[in-house]
Amino acid sequence: EVQLVESGGGLIQPGGSLRLSCAASGFRFSSYWMDWVRQAPGKGLEWIASIKTDGSTEDYVDSVKGRLFISRDNSNDLLYLQMNSLRVDDTAVYYCARDIGYGAFDLWGQGTMVTVSS
Amino acid sequence: QSALTQPPSASGSPGQSVTISCTGTSSDVGYYNYVSWYQQHPGKAPKLIIYEVTKRPSGVPDRFSGSKSGNTASLTVSGLQPEDEADYYCLSYGRRDVFGTGTKVTVL
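Protein sequences, first through last, are from chains A and B. For reference, each letter of the first sequence is one residue, going 7 to 124 in my numbering. For reference, each letter of the second sequence is one residue, going 8 to 115 in my numbering.
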């Protein structure tokens with residue numbers, strides 16, 4: 007089955023770190039750019055990061071630059087989001103998504119909730 | 008980069024049509040023919056329903072159609088069905104991928 011499954015979310019204190027994972031299956035993971043998109047409670051979607059097929063190029067929204075880092079392991083079909091210096095406004099459901107180009111994300115995971123609170 | 012502007016809500020009766028607008032700038036919607044639309048039901052992940060302004064992924068009903076004029080893209084849902092009640096978001100390729108503010112569609 008073609009799917010993405012996120013894990014790693016939870017409750018974390020402000021300033022803490024967390025690593026999210028996204029396991030891909032059913033397709034050639036290494037052939038696709040991959041992205042992370044988040045959605046704060048009751049709010050809209052926000053694209054936050056993307057990574058090239060071979061991991062050589064990354065891009066981030068300004069609000070997470072220097073704190074969140076996207077990476078991938080093509081040998082094990084895994085996408086990661088390392089989250090450092092977490093802030094209360096990072097609280098959101100985090101989705102990984104398969105990128106077919108030019109802002110089109112055709113496969114999404116179910117999402118994992120990250121709550122930043124003291 | 009600020010979000011693309013969508014109306015907060017839209018509604019229609021079953022069988023009617025509803026059109027949602029997505030207004031950007033000459034640097035995103037107006038420059039690129041790369042606007043996508045996503046449908047999101049409560050508590051669920053978004054689903055791609057339109058990409059590259061007018062293209063539908065396999066499995067998406069042809070009741071969903073997209074268009075663009077100048078800096079504004081539009082999604083039309085024809086023959087509204089109860090299951091079309093959801094939030095809809097546009098996204099434009101640009102210097103950064105920017106989502107729209109979202110539109111809640113209600114089927115009356």
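Backbone N, C-alpha and C fix where the C-beta goes; we use that ideal spot for every residue, glycine too. Note that this is a predicted model, so its numbers are computed, not measured.
Test: residue i CB closer than 8 angstroms to a CB of chain A
i, result
"phenylalanine 106(B)", "yes"
"alanine 80(B)", "no"
"leucine 11(B)", "no"
"glycine 109(B)", "yes"
"alanine 52(B)", "yes"
"serine 20(B)", "no"
"tyrosine 96(B)", "yes"
"proline 64(B)", "yes"
"tyrosine 100(B)", "yes"
"glutamate 59(B)", "yes"
"serine 43(B)", "yes"
Test: residue i CB closer than 8 angstroms to a CB of chain B
i, result
"valine 11(A)", "no"
"phenylalanine 111(A)", "yes"
"tyrosine 38(A)", "no"
"tryptophan 42(A)", "no"
"valine 70(A)", "no"
"leucine 74(A)", "no"
"glycine 50(A)", "yes"
"tyrosine 100(A)", "no"
Assigned secondary structure, residue i (DSSP; H/G/I helix, E/B strand, else coil)
i, result
"glutamate 52(A)", "strand"
"serine 24(B)", "coil"
"phenylalanine 33(A)", "coil"
"glutamate 90(B)", "helix"
"valine 11(A)", "strand"
"valine 70(A)", "helix"
"valine 94(A)", "helix"
"valine 120(A)", "strand"
"alanine 52(B)", "coil"
Alpha-carbon to alpha-carbon, residue j and residue i
i, j, result
"glycine 16(A)", "valine 120(A)", "5 angstroms"
"aspartate 68(A)", "leucine 74(A)", "10 angstroms"
"lysine 62(B)", "serine 124(A)", "45 angstroms"
"glutamine 116(A)", "glutamine 23(B)", "31 angstroms"
"isoleucine 106(A)", "glycine 22(A)", "33 angstroms"
"alanine 52(B)", "leucine 51(A)", "10 angstroms"
"isoleucine 76(A)", "tyrosine 100(A)", "13 angstroms"
With 16 other Cβ atoms within 10 Å as the buried cut-off, status of residue i
i, result
"glutamine 45(A)", "buried"
"leucine 98(B)", "buried"
"valine 33(B)", "Checking the displayed sequence, the identity of residue 33(B) turns out to be serine instead of valine. Flag for serine 33(B) reads exposed."
"lysine 75(B)", "buried"
"glutamate 7(A)", "exposed"
"glutamate 12(A)", "buried"
"glutamine 129(A)", "The question about residue 129(A) has no answer here: the residues shown for chain A are numbered 7 through 124."
"glycine 66(B)", "exposed"
"leucine 82(B)", "buried"
"serine 20(B)", "exposed"
"threonine 110(B)", "buried"
"serine 81(A)", "exposed"
Beta-ladder partner(s) of residue i, from DSSP
i, result
"glycine 19(B)", "Val114(B)"
"alanine 103(A)", "Asp41(A) and Trp114(A)"
"aspartate 35(B)", "Paired residue(s): none; aspartate 35(B) is not in a bridge."
"valine 67(B)", "DSSP output for valine 67(B) lists no bridge partner at all."
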